[in-house]
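*Asks:* Numbering (the numbering used here), first residue to last: 495 to 694.
(1) Rounded to the nearest angstrom, what separates residue 667 and residue 573 at their Cα positions?
(2) By DSSP's criteria, residue 556 is part of a beta bridge. Which residues make up the other side?
(3) What residue from 510, 534, 681, 688 has the CA that sits closest to residue 623's CA?
(4) Spell out the partners DSSP gives residue 675 in its beta bridges.
(5) Can you name, in chain order, every residue of its own chain whose Cβ lies under 6 Å from the Cβ of residue 592, other than the five neighbours on each side?
(6) How close, in whole Å, do the beta carbons of residue 519 and residue 570 come, if the pair is a contact with beta carbons under 8 Å?
(7) Measure the C-alpha to C-alpha separation of residue 690 and residue 659 and round it to an integer number of angstroms.
(8) Taking just the CA atoms, how far does residue 589 sit from residue 499?
(9) Using C-beta distances below 6 Å, list every residue in its chain close to residue 654, excluding the 5 sequence neighbours before and after it, in chain order.
(10) CB residue 543 to CB residue 610, shorter than 7 Å?
(11) Can you find the residues in the same chain that come closer than 7 Å, C-beta to C-beta, to residue 676, ignoring five residues on each side of it along the sequence?
(12) How is the beta strand (DSSP E) around residue 507 delimited, first residue to last?
(13) Quick one: grab the DSSP three-state call for residue 686.
(14) Three-state secondary structure (DSSP) at residue 587?
(15) Would residue 620 be called buried (16 or more neighbouring beta carbons within 10 Å of its own) or exposed?
(16) Work out the CA separation of residue 582 and residue 598 for me, nearest whole Å.
(17) Residues in the same chain with beta-carbon distance under 7 Å from residue 580, minus the five sequence neighbours each way, listed in chain order, please.
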């Protein structure tokens, strides 16, 4: 069994279309979604947060800023995401504070907790406070195992996505649902979880 990577070797990098490693990042996404769902993606997130182990790309997750463009998952919703979340959490949620996660692709054993923690730290440092994303059963179970507090917003229906089966393969057979949460609280929780693991 391969040992887990040294935490000191793990770094997070923002990858946008002008970044020299952009093609590498979206290739990882393509490979992961084809392996998992026989999907053939035709569009990508505007930016990815890549987890690097000694500069080797091990995991990527895309994000989209709600203030800059419509969110992909808003196709599943009857109202804008910020309005639904403001109603659900009973507080104002500006689109400038809201991000959408998507296209998580991980090829490193045991790296998800590290990746999530570094992503949360980076995005909170950038001023974001809320996140929303679509999760299948395995991803939802993983986040629950980490103890993250998430709120169900809606089910993700393929009927709302053009050419869903051709593009997304078997993805919708894994019961994707829209989840949302407070990014600041999640970051605090993941930092505490990491501290507890170090002290154990």
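Glycine included, C-beta positions come from ideal geometry on N, C-alpha and C.
What you are looking at is a predicted structure, and each value in this text was computed from that prediction instead of being measured.
*Replies:* In short:
(1) Locating residue 667 in the chain shown gives position 173, where the first residue counts as 1. Locating residue 573 in the chain shown gives position 79, where the first residue counts as 1. Using only the alpha carbons, I get a separation of about 25 Å.
(2) If you number the chain shown from 1, residue 556 lands on position 62. Paired residue(s): 542, 596.
(3) As a first step, residue 623 is located in the chain shown; it is residue number 129 there, counting from the start. Minimum Cα distance to residue 623 is reached at 681.
(4) Taking the first residue of the chain shown as 1, we reach residue 675 at position 181. The partner list for residue 675 (beta bridge, DSSP) reads 625.
(5) Along the chain shown, read from residue 1 onward, the residue named residue 592 stands at position 98. Cβ neighbours of residue 592 beyond the five flanking positions: 560, 576, 624.
(6) The residue given as residue 519 occupies position 25 in the chain shown. The residue given as residue 570 occupies position 76 in the chain shown. That pair is no contact at about 25 Å.
(7) Indexing the chain shown from 1 puts residue 690 at position 196. Indexing the chain shown from 1 puts residue 659 at position 165. Their backbone Cα atoms lie some 43 Å apart in a straight line.
(8) By 1-based counting over the chain shown, the position of residue 499 is 5. By 1-based counting over the chain shown, the position of residue 589 is 95. In this predicted model, residue 499 has a pLDDT of only 49, less than 50, meaning its place in the structure is not dependable enough to derive any value.
(9) For this step, residue 654 is matched to residue 160 along the chain shown. 569, 570.
(10) Start at 1 with the first residue of the chain shown, and residue 543 comes out as number 49. Start at 1 with the first residue of the chain shown, and residue 610 comes out as number 116. Their beta carbons are not under 7 Å apart, which means residue 543 does not touch residue 610 by this criterion.
(11) Along the chain shown, read from residue 1 onward, the residue named residue 676 stands at position 182. Excluding residues within five positions, the ones whose Cβ falls inside 7 Å are 623, 624.
(12) For the purposes of this step, residue 507 is taken as residue 13 along the chain shown, with counting starting at 1. Taken as a continuous stretch (DSSP letters only), the beta strand (DSSP E) holding residue 507 covers 504 to 509.
(13) The residue you call residue 686 lines up with position 192 of the chain shown. Looking at residue 686 - three-state DSSP - the assignment turns out to be helix.
(14) On the chain shown, position 93 is the one that residue 587 refers to. Residue 587: coil per DSSP, three-state reduction.
(15) The residue labelled residue 620 in the question sits at position 126 within the chain shown. Label assigned to residue 620: exposed.
(16) Numbered from its first residue, the chain shown carries residue 598 at position 104. Numbered from its first residue, the chain shown carries residue 582 at position 88. Roughly 25 Å separates the two Cα atoms.
(17) Taking the first residue of the chain shown as 1, we reach residue 580 at position 86. Only 586, 587 meet the Cβ criterion.
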